[in-house]
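Colleague: Line by line, the protein sequences give chains A and B. Here the first sequence is numbered in the working numbering, starting from 2 and rising by one per residue. Here the second sequence is numbered in the working numbering, starting from 11 and rising by one per residue. Backbone N, C-alpha and C define an ideal beta-carbon position, used for all residues, glycine too.
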Amino acid sequence: MTTSKPRVGLFVTCLVDFFRPTVGFSAVKLLEDAGCEVSVPPAQTCCGQPAYNSGDRAGARALAEQVIALFEGFDHVVIPSGSCAGMIKVHYPNLFSGEPAWQLRAERLASKTHELTSFLVDVLGAAPMLVAWEGTATYHDSCSGLRELGVKAQPRHLLSAVDGLAVREMRDPEACCGFGGAFCVKYDEISNAIVDRKATDVRATGADLLLSGDLGCLLNIAGKLKREGSKVEVRHVAEVLAGMTSGPAIGEGRK
Amino acid sequence: MSGSLTSSSFPKNASAALANPPLLKAIAHIEETLVSGRRRAVDALPEFEALRDAGRDIKAHTLKHIDLYLETFERKVVEAGGFVHWAADAAEANRIILEICQATGAHRVTKGKSMITEEVGLNAFLKENGITPVETDLGEYIIQLRGETPSHIIAPAVHVNKEQVAADFRRAHADLDPTRNLDEPVSLLAEARGVLRERFLSADVGITGANFLVAETGSTVIVTNEGNGDLTQILPKTHIVLASIEKVVPTLEDVATIMRLLARSATGQEMSVYTTFSTGPRRADDPDGPEAFHVVLLDNGRSAMLGSEFEDMLRCIRCGACINHCPVYRSIGGHAYGSVYPGPMGSVLTPSLQGLEKSAHLANASTLCGRCESVCPMRIPLPKMLRHWREKEFERHLTPKKARFGLAAWRFLAARPRLYGVATRLAAWSLARLAGKDGALGQVPLAGGWTRWRDLPAPEGGTFRTEWAKRGRK
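(1) Does the beta-carbon of Q50 (chain A), which I'm using as the reference point, lie nearer than 7 Å to any heavy atom of the ligand HEM?
(2) For the alpha helix (DSSP H) that H492 (chain B) lies in, which residues bound it at each end?
(3) Can you confirm whether F404 (chain B), when its beta carbon is compared against all beta carbons of chain A, has any partner nearer than 8 Å?
(4) Counting only Cβ pairs nearer than 7 Å, list the residues of chain A close to E401 (chain B).
(5) Answer with yes or no whether the minimum CB distance from T3 (chain A) to chain B is below 8 Å.
(6) At the level of alpha carbons, what is the spacing between E145 (chain B) and F19 (chain A)?
(7) Can you tell me which of the three DSSP states V235 (chain A) falls into?
(8) Pick helix, strand or coil for W439 (chain B), following the three-state DSSP scheme.
(9) Only counting the same chain, and skipping five residues up and downstream in sequence, which positions put a Cβ closer than 6 Å to that of H249 (chain B)?
(10) Which residues bound the alpha helix (DSSP H) around G254 (chain A)?
(11) Counting beta carbon pairs with one atom in the region 14 to 25 of chain B and one in the region 181 to 191 of chain A, are three or more of them shorter than 8 Å?
(12) Round the Cβ separation of C218 (chain A) and F184 (chain A) to the nearest angstrom and send it over; I've been treating them as touching at under 8 Å.
(13) Count the other CB atoms within 10 Å of the CB of H407 (chain B); is the residue buried (16 or more) or exposed (fewer)?
(14) Kindly indicate which three-state DSSP category K227 (chain A) falls into: helix, strand or coil?
(15) Check the Cβ of V13 (chain A) against every Cβ in chain B and list those closer than 7 Å, keeping chain order.
(16) Can you list the residues of chain B that P249 (chain A) reaches, using a CB-CB cut of under 7 Å?
(17) Looking only at DSSP bridge pairs, what is K257 (chain B) linked to?
(18) For the beta strand (DSSP E) that contains A138 (chain A), what are its first and last residues?
(19) Can you find a CB in chain E that lies within less than 8 Å of the CB of V168 (chain A)?
(20) Given a limit of 7 Å on CB to CB distance, which residues of the region 26 to 43 of chain A reach chain B?
(21) Using alpha carbons as the reference points, say which of A:A44, A:G25, A:G248 and A:A154 lies closest to R428 (chain B).
(22) Could you tell me which chain B residues have their CB closer than 7 Å to the CB of P22 (chain A), listed as they occur along the chain?
(23) So who's on the other strand from K121 (chain B), going by DSSP bridges?
(24) Between the alpha carbons of S27 (chain A) and E33 (chain A), how many angstroms are there, rounded?
(25) Counting contacts by CB-CB distance shorter than 8 Å, is I342 (chain B) in contact with chain A?
(26) Using 10 angstroms around the beta-carbon of S12 (chain B), count the other beta-carbons present and answer buried if the total reaches 16, otherwise exposed.
(27) Starting from the C-beta of G496 (chain B), find all residues in its chain whose C-beta is less than 8 Å away, skip the five residues before and the five after it, and write them out in chain order.
(28) Using the beta-carbon of each residue, which ones in chain A are nearer than 7 Å to N512 (chain B)?
(29) With distances taken Cα to Cα, identify the nearest neighbour of N171 (chain B) among B:S318, B:E194 and B:R293.
(30) Does L242 (chain A) get closer than 8 Å to chain B when you measure Cβ to Cβ?
(31) Please list, in chain order, the residues of the region 419 to 438 of chain B that have any C-beta partner in chain A closer than 7 Å.
(32) By the criterion of Cβ-Cβ separation under 7 Å, what are the contact partners of D465 (chain B) in chain A?
(33) From the DSSP output, which residues share a beta bridge with V91 (chain A)?
(34) Where does T461 (chain B) sit, in a helix, a strand or coil, going by DSSP?
(35) Cβ closer than 8 Å: which chain B residues qualify as neighbours of L220 (chain A)?
(36) Quick one: which chain B residues come within Cβ less than 9 Å of L64 (chain A)?
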């Protein structure tokens, strides 16, 4: 019975939409394989985090209204990003303090919004897909996913089922990569010093693959590794879990 | 680098710090000392998280009734034979302290380590008035010789290496035998100890800060690792404590609870080496102690934080854990902030102390990674408060024009999904074309801040929403 399937609205995120559609398709594959009916509301743009973190509360609020209206009808909202999921789950309700009607809608949306790997493991308890990757990966914990949503064990649990894949932890996987949204261009020298430490830690593991659950971090670290001439492949964790790894990695050229 | 840097030149200060290899080497030690020390101490104490809740609750309760606890504290100090002075701001605190020194005819003043005296600029003020205080904490002593300010609230000389200290001692200590070996930290310590011992014995007034003010007993409490605080407050005839009002806690029991968090969060010690309680001047049957005991209670903007979105900041116990775990501080050190207090706690406090106009960079110079909040023993929501400052900056139109314009343009597009779709499709396609087979771009117009240091991974080509629609999906 298709009607009994959980109806999931996929918030693809502006970065995935722009830079790496493969992550979106991987998320769809993982969700459908786990028995969900997936929709992608076409009018979605951005969760409003850039405005929120720049102090533009009104701007963030306007976009939050747009997201709430688009997604409140689903059973679940799933996002392949800890950062954007944290924005909706943790910060949306604060944006509407003093407006009970909107706040209630924001809280309801928050309660059914999930980061992708957390949704697969904590909500669905889904069996991992049967996929393979031959090699060693290291996993970067993105800050918002880790500290706002408690995403830590879930992606590692899912990766442990990938045939042929070993995970080797880096020195400090919970250290920020230095992306920080606008921070990385506003204070680019400091951002560079931070991502330089992260790239050094990644290389020190000897892993041939770097994974994470947030495209912002991945673009930053991949960009740094690429500039240094490193051969480490960088991918969103969803790509490996869904077995959608035939295309070039992040920042990698076409063969 | 020294205290001459300002917060408004933060980006320039940061550049200079990043081009200073000895500084970077010195601050890199924070990882293997303070950060791993804290981790070990916290892992060894199963109730640490529960203690954080208890500590937060004690401070939150005290702040709700701070008038009551401060008045009780004052009464108890007076009952013990001490004096309490209320200072609304830095100038008033400095004037009160100078008057006490002048009234006792003091020539020699020793000081225990105190960030609050840095906040009011006490050393410079006393010096202008003919009294040169001697710092007795080793780190403070070193930076005093160097004419610098602390670059960290608990490790003021963390930016200095031992070779620099040896050179400073050879320059400043006139009697120092040139052949004396100063290669090791322990020989540096012995040299400083010898010089400071004389200063302790000849001091007329000792000035310390306080980690706690205890309402039920009228006691002030300091924690140190060198014992210099005890010598500063016990040997001179007059002991002056300068403390900000939020240091008050109701009971000794509360001190005991928060003490279990303080040293573990700061250095990874279970307790600091010395914990010293001062309750009034020397009593008739006391073996030692000062003849006069003064407490100067400083507000300096704190009562204005009560009831505001920054009230939680007043729970801060100055352990420095947020600083030690901050990726930005760890990249540039403390002086670049151009403020008395560096790191996340400093970036929240400084705009209250020196005005947002001069310090707007500080709240923005954060990735909001949240590690500060995750290690804060008082569970202060530091990222949330940094964001509050960004909101105030935006409200007051202090945000730089370029950033404001960019934000407005993006906001315009993001609120118009069709237009956004067209614009992003075009931009993604152009960037992918520009990258060609390479998959990454070394240079991109308008993205210099990014491509100066790293490549920009190219978009795959079509946006997700276009590709999705092409497949006939909804």
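Modeller: To lay it out plainly:
(1) Summarising the ligand content, the structure contains no ligands, and the ligand HEM is consequently not present.
(2) Residue 492 (chain B) cannot be examined here, being either before or after the span of chain B that is shown, 11 to 484.
(3) On the second sequence, residue 404 (chain B) is found 394 positions in, with the first residue counted as 1. Yes, its Cβ sits closer than 8 Å to a Cβ of chain A.
(4) Numbered from its first residue, the second sequence carries residue 401 (chain B) at position 391. Those within 7 Å of E401 (chain B) in chain A are G56 and R58.
(5) Position 2 of the first sequence, counting from 1, holds the residue named residue 3 (chain A). Its pLDDT being 49, under 50, T3 (chain A) is placed unreliably by the model, and nothing is read from it.
(6) In the second sequence, residue 145 (chain B) corresponds to position 135, counting from 1. In the first sequence, residue 19 (chain A) corresponds to position 18, counting from 1. Distance between the alpha carbons of E145 (chain B) and F19 (chain A): 57 Å.
(7) Numbered from its first residue, the first sequence carries residue 235 (chain A) at position 234. Residue state, collapsed to three classes: strand.
(8) Position 429 of the second sequence, counting from 1, holds the residue named residue 439 (chain B). DSSP places W439 (chain B) in helix when its eight states are reduced to three.
(9) Along the second sequence, one-based indexing puts residue 249 (chain B) at 239. Only G216, Q243, P300 and F303 meet the Cβ criterion.
(10) Numbered from its first residue, the first sequence carries residue 254 (chain A) at position 253. Element bounds for G254 (chain A): n/a, residue is neither H nor E.
(11) yes
(12) For the purposes of this step, residue 218 (chain A) is taken as residue 217 along the first sequence, with counting starting at 1. For the purposes of this step, residue 184 (chain A) is taken as residue 183 along the first sequence, with counting starting at 1. Actually they are not in contact, since the Cβ atoms of C218 (chain A) and F184 (chain A) sit about 12 Å apart, beyond 8 Å.
(13) Stepping through the second sequence from its first residue, residue 407 (chain B) is reached at position 397. Classification for H407 (chain B): exposed.
(14) Residue numbering aside, residue 227 (chain A) sits at position 226 when the first sequence is read from its first letter. Of the three classes helix, strand and coil, the one that applies to K227 (chain A) here is helix, per DSSP.
(15) Working through the first sequence from its first residue, we reach residue 13 (chain A) at position 12. Within chain B, the residues near V13 (chain A) are F474.
(16) Here residue 249 (chain A) refers to the residue found at position 248 when the first sequence is read from its first residue. Within 7 Å Cβ-Cβ: G449.
(17) Start at 1 with the first residue of the second sequence, and residue 257 (chain B) comes out as number 247. DSSP lists no partner for K257 (chain B).
(18) Position 137 of the first sequence holds residue 138 (chain A). Segment A133 to H141, the beta strand (DSSP E) holding A138 (chain A).
(19) The structure shown contains no chain E; its protein chains are A and B.
(20) S40, V41 and P43
(21) Locating residue 428 (chain B) in the second sequence gives position 418, counting from the first residue. Out of A:A44, A:G25, A:G248 and A:A154, A:A44 has the C-alpha closest to the C-alpha of R428 (chain B).
(22) Numbered from its first residue, the first sequence carries residue 22 (chain A) at position 21. Residues of chain B passing the Cβ test: E470, G472, T473, F474 and E477.
(23) Residue mapping note: residue 121 (chain B) aligns to position 111 of the second sequence, counting from 1. According to DSSP, K121 (chain B) bridges with B:E145 and B:I217.
(24) Within the first sequence, residue 27 (chain A) is the residue found at index 26, counting from 1. Within the first sequence, residue 33 (chain A) is the residue found at index 32, counting from 1. Cα to Cα, the separation comes out at about 10 Å.
(25) For the purposes of this step, residue 342 (chain B) is taken as residue 332 along the second sequence, with counting starting at 1. Chain A, which has a Cβ nearer than 8 Å to the Cβ of I342 (chain B), makes this yes.
(26) Here residue 12 (chain B) refers to the residue found at position 2 when the second sequence is read from its first residue. Unreliable placement is indicated for S12 (chain B), whose pLDDT of 47 sits below 50; no coordinate value is reported for it.
(27) Residue 496 (chain B) lies beyond the range of chain B shown here (11 to 484); nothing can be said about it.
(28) One cannot answer for residue 512 (chain B) here, as it falls past the ends of chain B, which runs 11 to 484.
(29) Your numbering for residue 171 (chain B) matches position 161 in the second sequence. For N171 (chain B), the nearest C-alpha among the options comes from B:E194.
(30) Translated into the one-based positions of the first sequence, residue 242 (chain A) becomes position 241. By this cut-off, L242 (chain A) is not an interface position.
(31) W420, R421, A424, A425, P427, Y430, T434 and A438
(32) For this step, residue 465 (chain B) is matched to residue 455 along the second sequence. In chain order: G224, K227, R228 and G252.
(33) Taking the first sequence and counting its residues from 1, the one referred to as residue 91 (chain A) is at position 90. DSSP output for V91 (chain A) lists no bridge partner at all.
(34) Here the question's residue 461 (chain B) lines up with position 451 in the second sequence. Looking at T461 (chain B) - three-state DSSP - the assignment turns out to be helix.
(35) Within the first sequence, residue 220 (chain A) is the residue found at index 219, counting from 1. Chain B residues near L220 (chain A): L466 and P467.
(36) Numbered from its first residue, the first sequence carries residue 64 (chain A) at position 63. What L64 (chain A) touches in chain B: R421, A424 and A425.
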